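Counting from 1, one number per residue, gives the positions in the sequence shown under full-length UniProt numbering. The C-beta atom is built at its ideal place from N, Cα and C for all residues, glycine as well. In this text, all values refer to a predicted model and were calculated from it rather than measured experimentally. One structure is given here, and the rest of the page talks about it.
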Amino acid sequence: MAVVSLLNQAPYRRTYSSRERLNVDTLDGSDPWLSPHSGTERHQYPHSSHHPGGGYFQRSPRRNFPPRRRCVTQEGELLPLLHTCQLSTCERITINVSGKYFETWRKTLEDHPDTLLGDPERRVQYYDKHKDEYFFDRHRPTFDAIFEYYLYGGGLKRPPQVPDDVFLSELDFFEIERHVVEDYRRGEGYISDAVILPERGFKRRVWMLMEYPETSLYAYIIAIISVIVTVASIALFCVETLPGMESKHCVQGSEPNWVDPFFITETVCTTWFTLEVLVRLLACPSKIAYFKDFKNLVDITAVVPYYVTLFNVLSSMTCDSAKSSASLAFLRVFRLIRIFKLTKHSAGLQVLILTFKASVEGLCLFLVALTVCILVFSSAVYFAEMGIPGSQIHSIPDGFWWAIITMTTVGYGEVVPVGPLGKLIGMMCAVSGVLTLSIPVPIITENFNKFYSHKTGRGRI
Numbered sequence: 001m002a003v004v005s006l007l008n009q010a011p012y013r014r015t016y017s018s019r020e021r022l023n024v025d026t027l028d029g030s031d032p033w034l035s036p037h038s039g040t041e042r043h044q045y046p047h048s049s050h051h052p053g054g055g056y057f058q059r060s061p062r063r064n065f066p067p068r069r070r071c072v073t074q075e076g077e078l079l080p081l082l083h084t085c086q087l088s089t090c091e092r093i094t095i096n097v098s099g100k101y102f103e104t105w106r107k108t109l110e111d112h113p114d115t116l117l118g119d120p121e122r123r124v125q126y127y128d129k130h131k132d133e134y135f136f137d138r139h140r141p142t143f144d145a146i147f148e149y150y151l152y153g154g155g156l157k158r159p160p161q162v163p164d165d166v167f168l169s170e171l172d173f174f175e176i177e178r179h180v181v182e183d184y185r186r187g188e189g190y191i192s193d194a195v196i197l198p199e200r201g202f203k204r205r206v207w208m209l210m211e212y213p214e215t216s217l218y219a220y221i222i223a224i225i226s227v228i229v230t231v232a233s234i235a236l237f238c239v240e241t242l243p244g245m246e247s248k249h250c251v252q253g254s255e256p257n258w259v260d261p262f263f264i265t266e267t268v269c270t271t272w273f274t275l276e277v278l279v280r281l282l283a284c285p286s287k288i289a290y291f292k293d294f295k296n297l298v299d300i301t302a303v304v305p306y307y308v309t310l311f312n313v314l315s316s317m318t319c320d321s322a323k324s325s326a327s328l329a330f331l332r333v334f335r336l337i338r339i340f341k342l343t344k345h346s347a348g349l350q351v352l353i354l355t356f357k358a359s360v361e362g363l364c365l366f367l368v369a370l371t372v373c374i375l376v377f378s379s380a381v382y383f384a385e386m387g388i389p390g391s392q393i394h395s396i397p398d399g400f401w402w403a404i405i406t407m408t409t410v411g412y413g414e415v416v417p418v419g420p421l422g423k424l425i426g427m428m429c430a431v432s433g434v435l436t437l438s439i440p441v442p443i444i445t446e447n448f449n450k451f452y453s454h455k456t457g458r459g460r461i
């Protein structure tokens with residue numbers, strides 16, 4: 001009798017939904033939701049798993065029971081008279097992903113109405129009316145992460161064993177919100193810069209030539225020339241500082257030499273930089289966005305020292321006034337930043353930049369720990385060396401230099417403690433430095449491995 005009782009209760013523990021109401025079938029074509037059988041009631045099990053014998057089973061008619069209240073769902077649908085579950089239970093949804101079952105409330109899914117599972121009209125095509133479930137022949141480990149996103153919200157986290165391209169493919173299939181996918185892609189190191197182009201026409205073609213080397217052969221040649229000129233200008237700036245290689249263009253107390261090789265080379269490089277700046281400025285889609293870009297500001301700043309010096313020389317035709325603007329020449333070294341624009345064509349540079357950007361928090365923690373140790377050991381060694389003849393640490397700022405050199409294990413040796421207590425503090429400072437330097441190593445290594453594996457194999461952009 002206990003077995004029969006359990007079996008009799010089985011059909012009433014099943015969940016019902018509005019979708020099942022539309023797909024339920026009966027032998028006589030009647031609607032069991034509105035016209036339940038009177039007297040002896042019959043129920044059909046669609047699968048043998050619900051009943052050992054399959055087919056129909058018969059139970060005794062009800063006697064002397066008060067009429068049941070008809071439950072109504074949130075959509076206003078009437079539940080069967082023999083349905084005994086609570087209203088919240090009726091909103092439960094079962095999802096079968098390649099044989100692995102997930103169950104949750106309908107409201108949990110519909111809190112994300114833009115997704116496949118959150119939209120009843122889109123997910124109905126995967127509904128199995130016989131098993132009362134939604135079936136998806138998809139990747140099960142990936143759906144574990146997707147299901148956790150539905151339950152708890154927040155961001156997506158890819159399981160370590162799931163390849164990145166498979167994970168993105170499943171996100172596309174289940175139509176996860178675009179902003180959530182973009183947050184995941186940024187965390188994994190994907191580059192998704194918004195491409196803003198001028199309107200169709202001559203300006204658009206010029207902008208593509210100057211900004212996107214991969215679009216055509218001419219654009220690639222222009223990019224190569226820009227890199228060569230950039231490297232040449234930086235090399236020239238460094239060579240001019242060598243003894244015996246000084247520029248003879250403008251010597252104090254004499255007239256300028258316009259045929260000096262250094263001056264001619266610098267003039268050619270600056271002319272190219274100026275043309276590049278002007279062409280990109282005239283062809284850019286937005287002047288405001290152009291001046292907000294740090295690389296463009298560097299391009300403009302790199303040519304300013306040359307024109308300031310040239311204007312001063314031409315105004316007096318002597319080299320006396322050029323000395324006042326020579327201090328601006330160091331700004332030309334900022335042209336080196338232009339090389340970082342090549343990162344979008346070099347996977348190695350992309351990995352390095354993304355690694356350090358993702359490790360900012362770990363590096364900040366390292367700097368805090370390093371600063372604290374420097375303050376502690378510099379103060380300790382100062383008081384330990386105070387009053388000792390021949391002491392080389394005369395103040396706490398002197399201890400700063402000694403502490404940073406000792407903690408980084410450089411050890412120049414020009415400032416050292418001479419007393420026994422100072423040497424003991426120096427030993428402790430060296431050991432603490434080694435431990436402190438190890439703080440950012442695992443953080444940087446983890447981020448590097450993530451971005452490197454993404455860029456060299458599994459990632460797709």
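Skipping 5 residues on each side, what residues in its chain have a beta carbon closer than 6 Å to that of residue i?
i      : result
Val94  : In the sequence as presented, Val is not what sits at residue 94; that position holds Thr. Same-chain partners within the cutoff: Glu103, Glu133.
Tyr184 : Leu156
Tyr382 : Ile393, Ile396, Gly399
Cys85  : Because the pLDDT at Cys85 is just 47, under 50, the model does not fix this residue reliably, and the value given afterwards should be weighed accordingly. Answer for Cys85: no residue qualifies.
Lys100 : Arg140
Asp299 : Val277
Pro442 : none
Asn296 : Tyr290
With residue i and residue j assumed to form a contact (beta carbons below 8 Å), what rounded beta-carbon distance in angstroms separates them?
i      : j      : result
Val227 : Cys269 : No, Val227 and Cys269 are not in contact; Cβ-Cβ is about 12 Å, not under 8 Å.
Thr142 : Val124 : Thr142 to Val124, Cβ: 22 Å. No contact.
Leu197 : Pro285 : 6 Å
Ala223 : Met208 : That belief does not hold up - the Cβ atoms of Ala223 and Met208 are roughly 12 Å apart, past 8 Å.
Ala302 : Lys203 : Not a contact, Cβ separation roughly 24 Å.
Gly422 : Ala384 : 4 Å
Is residue i near residue j, with beta carbons less than 8 Å apart?
i           : j      : result
Phe167      : Arg158 : yes
Asn447      : Ser315 : no
Trp105      : Glu91  : yes
Ser379      : Ile396 : yes
Ile388      : Gly419 : yes
Thr406      : Gly390 : no
residue 518 : Pro256 : Absent from the model: residue 518. The displayed extent of the chain is 1 to 461, so no value can be given.
Phe262      : Glu240 : yes
Leu236      : Glu266 : yes
Trp401      : Val416 : no
Which residues bound the beta strand (DSSP E) around residue i?
i      : result
Lys100 : 100-105
Phe136 : 133-136
Arg92  : 92-97
Quick one: residues in its chain with C-beta nearer than 8 Å to the C-beta of residue i, no 5 flanking neighbours on either side, listed in chain order?
i      : result
Ser98  : Phe136, Asp137, Arg138, His139, Arg140
Cys238 : none
Asp114 : Glu175, Glu177
Ala289 : Ile196
Enumerate in chain order the residues of its own chain whose CB-to-CB distance from residue i is below 7 Å, with the five nearest sequence positions on each side excluded.
i           : result
residue 462 : Nothing in the structure corresponds to residue 462, since the chain is present only between 1 and 461.
Leu365      : Ile439
Thr355      : Ile444, Asn447, Phe448, Phe451
Thr108      : Tyr150, Leu151
Gly411      : Ile405
Pro46       : Residue placement at Pro46 cannot be trusted, given a pLDDT of 40 that sits under 50; what the coordinates show is reported in the next sentence. Result list for Pro46: His130, in chain order.
Ala369      : Thr436, Ile439
Ala145      : Leu156, Lys157, Arg158, Pro159
Between which two residues does the alpha helix (DSSP H) containing residue i stretch?
i      : result
Tyr212 : First-last for Tyr212: undefined, no H or E at that position.
Trp272 : 261-283
His130 : It is not in any alpha helix (DSSP H) - His130 carries neither H nor E in the DSSP assignment.
Pro442 : 440-453
Pro141 : 140-152
His179 : 178-187
Trp401 : 396-407
Pro120 : 120-123
Lys287 : 287-292
Val418 : Note, Val418: premise wrong, no alpha helix (DSSP H); not H, not E.
Ser391 : First-last for Ser391: undefined, no H or E at that position.
Val166 : 164-173
Contained alpha helix (DSSP H) runs [length at least 4] in the region 344-368, N- to C-terminal order = Runs of the alpha helix (DSSP H) inside the region 344-368: 347-358.
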